[in-house]
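Student:
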Amino acid sequence: MKIAVLIKQTPDTAELPKVSAEAVSTHNVQATMVINPWDEFAAEEAIQLAERFNAETVAISLGPAEALDGLKHALAMGVDAATLIDSGADPNAIDLSAAAKILAAAVQAEGDVDLVITGKQSVDGNSSAAQVGIARKLGVPLVTNVVKVVDIADGSATVERLADGIQETVQVALPAVLSVGKEINEPRYPNFMGIRRASRAQIPTRELDELGLGDLAPLTQWANIRKPESRRTQVQMIEGSSPADKAEKLVDALLAEKVI
283 MKIAVLIKQT PDTAELPKVS AEAVSTHNVQ ATMVINPWDE FAAEEAIQLA
333 ERFNAETVAI SLGPAEALDG LKHALAMGVD AATLIDSGAD PNAIDLSAAA
383 KILAAAVQAE GDVDLVITGK QSVDGNSSAA QVGIARKLGV PLVTNVVKVV
433 DIADGSATVE RLADGIQETV QVALPAVLSV GKEINEPRYP NFMGIRRASR
483 AQIPTRELDE LGLGDLAPLT QWANIRKPES RRTQVQMIEG SSPADKAEKL
533 VDALLAEKVI
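Residue numbers (the numbering used here): 283 to 542.
(1) Evaluate Trp504 with the Cβ neighbour count: other Cβ atoms within 10 Å of its Cβ, from every protein chain shown; 16 or more gives buried, anything less gives exposed.
(2) Hey, quick one: how far does the alpha helix (DSSP H) through Gln330 stretch, first residue to last?
(3) Starting from the N-terminal side, write out each stretch of the beta strand (DSSP E) that is 3 residues or longer and does not extend beyond the region 362-409.
(4) Looking at the structure shown, is Gln503 part of a helix, part of a strand, or coil, going by DSSP?
(5) Could you tell me how far apart the beta carbons of Lys383 and Leu498 are, in whole angstroms, since I believe they sit closer than 8 Å?
(6) Tell me whether Glu468 sits in a helix, a strand or coil according to DSSP, three-state version.
(7) What is the residue span of the alpha helix (DSSP H) that Ser307 lies within?
(8) Contact between the region 454-472 and the region 309-317: three or more CB pairs below 8 Å?
(9) Should Pro486 go down as buried or exposed, given a rule of 16 or more other Cβ atoms within 10 Å for buried?
(10) Would you identify the three-state DSSP class for Met315, choosing helix, strand or coil?
(11) How big is the Cα-Cα spacing for Val316 and Lys540?
(12) Check the DSSP bridge columns for Asp436 and list the partner residues they point to.
(13) My output table needs one value for Gly494: the three-state DSSP class, helix, strand or coil.
(14) I'd like to confirm the pairing. Which residues does DSSP put opposite Pro293 in its beta bridges?
(15) Rounding to the nearest angstrom, what Cα-Cα distance links Arg230 and Asp446 in this structure?
(16) Does DSSP put Ser481 in a helix, in a strand, or in coil?
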């Protein structure tokens with residue numbers, strides 16, 4: 283069995299509040315880039331499934347040369363191999379539709395992949411839509427919000443997923459795409475040997491032309507990029523001569539604010 287895990291390089295979440303809308307619109311974001319936190323859960327699950335079912339794992343990322351750092355993080359965790367798809371001279375020209383098309387082709391180029399695992403979303407786009415497009419381009423089923431892989435046998439996977447406040451068990455035919463949530467595992471910290479192995483790894487790079495995809499012109503544009511308005515909060519002190527008096531005044535304040 284072969285498992286492909288999709289990795290994205292995103293800004294460090296600690297630095298996201300410092301990123302301005304202007305920087306995003308001009309594609310000039312100056313921030314520390316790290317492996318997308320959601321993708322760490324995907325990489326960890328791929329590693330655990332490889333151990334359970336004697337599978338081969340490969341991490342795939344679409345991006346510039348700097349995206350190699352995210353792939354090396356996955357290798358340091360324990361993923362077997364990695365491949366970078368060079369996004370070209372202008373990576374910002376690739377929209378979500380083109381990215382799904384490229385990543386689906388990259389998965390196909392790896393040979394007979396039985397399972398594609400992705401994180402729930404990315405901390406920069408937050409659309410949770412890439413996995414939908416990838417599954418559609420591959421022509422395989424997609425299961426989202428997976429929190430447990432129960433078993434893989436007889437050409438199918440049995441998984442548990444969260445849906446609208448309930449947890450359900452689903453059986454899906456392979457090959458398939460699984461989008462995993464943070465409840466599925468606890469990503470491991472790369473150890474010294476893993477980091478050393480990853481630092482020495484020669485990660486192959488595929489050019490977009492090698493995938494034979496033809497026209498990748500974007501179908502969408504960001505017409506208006508802005509930050510949400512800052513929340514305005516007020517602090518009201520509740521004072522009284524006794525706990526009962528304070529409680530009564532608190533209830534009056536909550537009723538006045540239409541909280542209750």
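No residue lacks a Cβ here, since even glycine has one placed at the ideal position from N, Cα and C. The structure displayed is predicted, hence computed values, not measured ones.
Tutor: Quick look at the numbers:
(1) exposed
(2) Pro319 to Phe335
(3) 363-368 and 397-401
(4) coil
(5) 7 Å
(6) coil
(7) Ala303 to Ser307
(8) no
(9) exposed
(10) strand
(11) 43 Å
(12) Note: Asp436 sits in no beta bridge, so no partner.
(13) coil
(14) Met315
(15) Residue 230 lies beyond the stretch modelled for the chain, which goes from 283 to 542, so this question has no answer here.
(16) helix
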